[in-house]
Amino acid sequence: MSPEPTTPPAGRPLRPGTLAVTAGRPAHEPDSPLNTPITMASTYVAGGDTEYGRYGNPTWTAFEEALGTLEGGRCLAFSSGLAAVATLLDLVGQGSKVVAPRHAYNGSVLQMADLEARGRITAELVDITDTDAVVKACADAALVWVESPTNPALEVADIPAIVAAAHEAGAYVVVDNTFATPLLQQPLTQDADIVLHSATKFIAGHSDVLLGAVVTRDDELFGVLKHRRDMIGATPGTLEAWLALRGLRTLHVRLERAQANAQELVRRMTGHPAVGEVRYPGFGAIVSIVLAEGAIAADLLTRKTTLWVHATSLGGVESTFERRRRWKSEPATIPDGLVRMSVGIEDVDDLWDDLADALDDLTLPS
Ligand SMILES: Cc1ncc(COP(=O)(O)O)c(C=O)c1O
785 MSPEPTTPPA
795 GRPLRPGTLA
805 VTAGRPAHEP
815 DSPLNTPITM
825 ASTYVAGGDT
835 EYGRYGNPTW
845 TAFEEALGTL
855 EGGRCLAFSS
865 GLAAVATLLD
875 LVGQGSKVVA
885 PRHAYNGSVL
895 QMADLEARGR
905 ITAELVDITD
915 TDAVVKACAD
925 AALVWVESPT
935 NPALEVADIP
945 AIVAAAHEAG
955 AYVVVDNTFA
965 TPLLQQPLTQ
975 DADIVLHSAT
985 KFIAGHSDVL
995 LGAVVTRDDE
1005 LFGVLKHRRD
1015 MIGATPGTLE
1025 AWLALRGLRT
1035 LHVRLERAQA
1045 NAQELVRRMT
1055 GHPAVGEVRY
1065 PGFGAIVSIV
1075 LAEGAIAADL
1085 LTRKTTLWVH
1095 ATSLGGVEST
1105 FERRRRWKSE
1115 PATIPDGLVR
1125 MSVGIEDVDD
1135 LWDDLADALD
1145 DLTLPS
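In the numbering used here, each residue's number is its place in the sequence shown (first place is 1) plus 784.
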């Protein structure tokens, strides 16, 4: 976990683990609640700054302050990660070129394909680890989309090199920081223009909320994005924002434990005869394994465990996994037998016992 302190507006610099707990709280005044209340309001008394429920809500604001502080910019919450993706893709003009990782989250790639099919943009999908190729592709781009690590291939991008090339071409850079979280990577400090989160995942952290967020240091961009959110109405639910804020308070503790579990499981799975390949970028709580015997073995694995839950999504306190190619939209360059594992915060020995039993079973002669 990054020990680098961030400087709040006033006072001593606070570290990310402290900011996760303290940012976005009500002021410390007698009898004010410690936690931000859930404000259920579709309208407000006229004459103020907010006026209507689509334009703002104090519970969203508290969440936005907390996540914005951790990422080092100004945050806007959206109804889901994909609502935020759609709003960002709408930033570019008609016929503009968008560069994106071929293995970015497939919902984001599908949105780009849909826009391309309707003549709205052109999309160039790249191998995000091939920095020279990405830099070349940036030359005539209006928007460069980075996801690092990618979902589910777990490839890591050279963000500073890509940002430099994109800015040279006058393009915006968006970094989907869902997998790393602001605790492991802060793209705005690497000059990216916008950070995107599926806050559904690690930020909220308990598999009970759908929420998206964007963060930027550029006030003009912030204004444009806020205006779009106001107009489209891709606004978060108040309860969702509150639950995500509550989840964010323990992000550093959850992530530290989940990452330690992931690293230990990577060590134990490596070399197991049922596992052909272990993919792990060295940080975070997502691991992908490729089963030696391919898709059938991968499907069997997801049915044999009792603790590991077969489910899509990721970033919750509970360990889940799935064979990604079970989704028709996942590209053929993702191995058929790849299982994406979202490592939770359970006892690692229990996680391993459950997994090892299932993996051992796969290697028994039938
Ligand atoms: C990396 C990444 N970005 C964006 C999204 C979309 O977010 P949501 O499901 O909150 O719409 C996801 C969802 O899985 C994701 O994994």
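Even glycine gets a Cβ: it sits at the ideal position worked out from N, Cα and C.
Alpha-carbon spacing of Arg-809 relative to Leu-818, whole angstroms: 7 Å
For Gly-996: DSSP bridge partner residues: Under DSSP, the beta-bridge partners assigned to Gly-996 are Phe-862, Ser-982.
Neighbour-count burial assignment, Asp-1141, 16 or more Cβ in a 10 Å radius: exposed
Val-869 beta carbon near ligand 1 (any heavy atom closer than 7 Å): yes
Distance, Ser-1072 Cα to His-1056 Cα: Taking the straight line joining both Cα atoms gives about 14 Å.
Whole alpha helix (DSSP H) elements within the segment 1090–1147, 4-residue minimum: 1132–1147
CA-to-CA distance, Asp-914 to Met-758, given in whole angstroms: Because the chain here runs from 785 to 1150, residue 758 falls outside it and cannot be looked at.
Any non-hydrogen atom of ligand 1 within 7 Å of Thr-984 CB: yes
Euclidean distance between Cα positions of Thr-843 and Leu-1084: Going by C-alpha positions, Thr-843 is about 43 Å away from Leu-1084.
Endpoints, the alpha helix (DSSP H) within which Pro-885 is located: From DSSP, Pro-885 is part of no alpha helix (DSSP H) but of the beta strand (DSSP E) over 880–885.
Heavy atom of ligand 1 within 7 Å of Glu-939 beta-carbon: no
Coil, strand or helix - Ile-1016 by DSSP: helix
Status (buried if at least 16 other CB within 10 Å, exposed otherwise) for Thr-1147: It counts as exposed.
Ligand 1 heavy atom lying under 7 Å from the CB of Asp-874: no
Environment of Gly-840 [buried if 16+ CB atoms lie within 10 Å]: buried
Residues bridged to Thr-1022 [DSSP beta-bridge criterion]: Beta-bridge pairing links Thr-1022 to no other residue.
Paired residues, beta bridge with Ile-1073 - DSSP: For Ile-1073, the beta-bridge partners assigned by DSSP are Val-1062, Val-1123.
Residue range of the unbroken beta strand (DSSP E) whose run includes Glu-931: Per DSSP, Glu-931 belongs to the beta strand (DSSP E) from 927–931.
Proximity of Pro-800 and Pro-966 at Cβ, strictly below 8 Å: yes
Straight-line gap, Trp-1111 to Asp-1133 (C-alpha atoms, nearest Å): 30 Å
Ala-955 versus Val-930: straight-line alpha-carbon distance, rounded: 12 Å
8 Å Cβ cutoff met for Ala-1046 and Ala-1069: yes
Rounded C-alpha distance that separates Ile-946 from Lys-881: 15 Å
Given 8 Å, three or more beta-carbon pairs between the segment 850–869 and the segment 989–1003: yes
Close-in-space but distant-in-sequence residues of the same chain around Leu-1135 (CB under 6 Å, 5 per side omitted): Closer than 6 Å at the Cβ level, and outside the excluded window around Leu-1135, lie Ser-1103.
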